[in-house]
Amino acid sequence: MQQLLDRIVHLEGENARLLQELKEFQNGKYHQEAQQRIAELEQEVRKLKKENKLLKERERLIKNKVERLAVKLQRLEL
């Protein structure tokens, strides 16, 4: 019987600790860290979108240049 009471006391203490940890997770340190990581990832996405836009523009310019060179080459062959 004493062992059961000791076990109950232990489990109640463990429960209180876990509830405190959950509270900290929801409102505290863990939540702030997650928000910071999300902000970093959002910034990285914006950076990659901008880089992607620049690369697409370069690709378009290169295609135009190749097309103009192809036309000039055809004229030279005539």
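Going by our numbering, the first residue of the sequence shown is number 1209, and it counts up by one from there.
Glycine included, C-beta positions come from ideal geometry on N, C-alpha and C.
Since the structure is predicted, the reported quantities are computational estimates derived from the model, not experimental observations.
Residue i to residue j span [Cα, whole Å]
i: N1235; j: E1229; result: 10 Å
i: L1269; j: K1258; result: 17 Å
i: Q1282; j: N1272; result: 15 Å
i: K1264; j: L1249; result: 22 Å
i: E1220; j: M1209; result: 17 Å
i: E1267; j: A1247; result: 30 Å
i: V1274; j: A1242; result: 47 Å
i: R1254; j: L1284; result: 45 Å
Secondary structure of residue i, DSSP reduced to three states
i: L1286; result: coil
Beta-carbon contacts of residue i that lie in its chain and below 8 Å, excluding the five residues immediately before and after
i: E1232; result: Y1238
i: Q1314; result: The chain is shown only over 1209 to 1286; residue 1314 falls outside these bounds and no answer can be derived.
i: L1226; result: none
Sequence-distant residues of the same chain with beta carbon closer than 6 Å to residue i, five excluded per side
i: A1224; result: none
Open item on the list: As an exercise, report each continuous alpha helix (DSSP H) stretch of at least 4 residues that is fully enclosed by the region 1220–1270, in chain order.
Closed with: Taking only runs of at least 4 residues, no alpha helix (DSSP H) segment lies wholly in the region 1220–1270.
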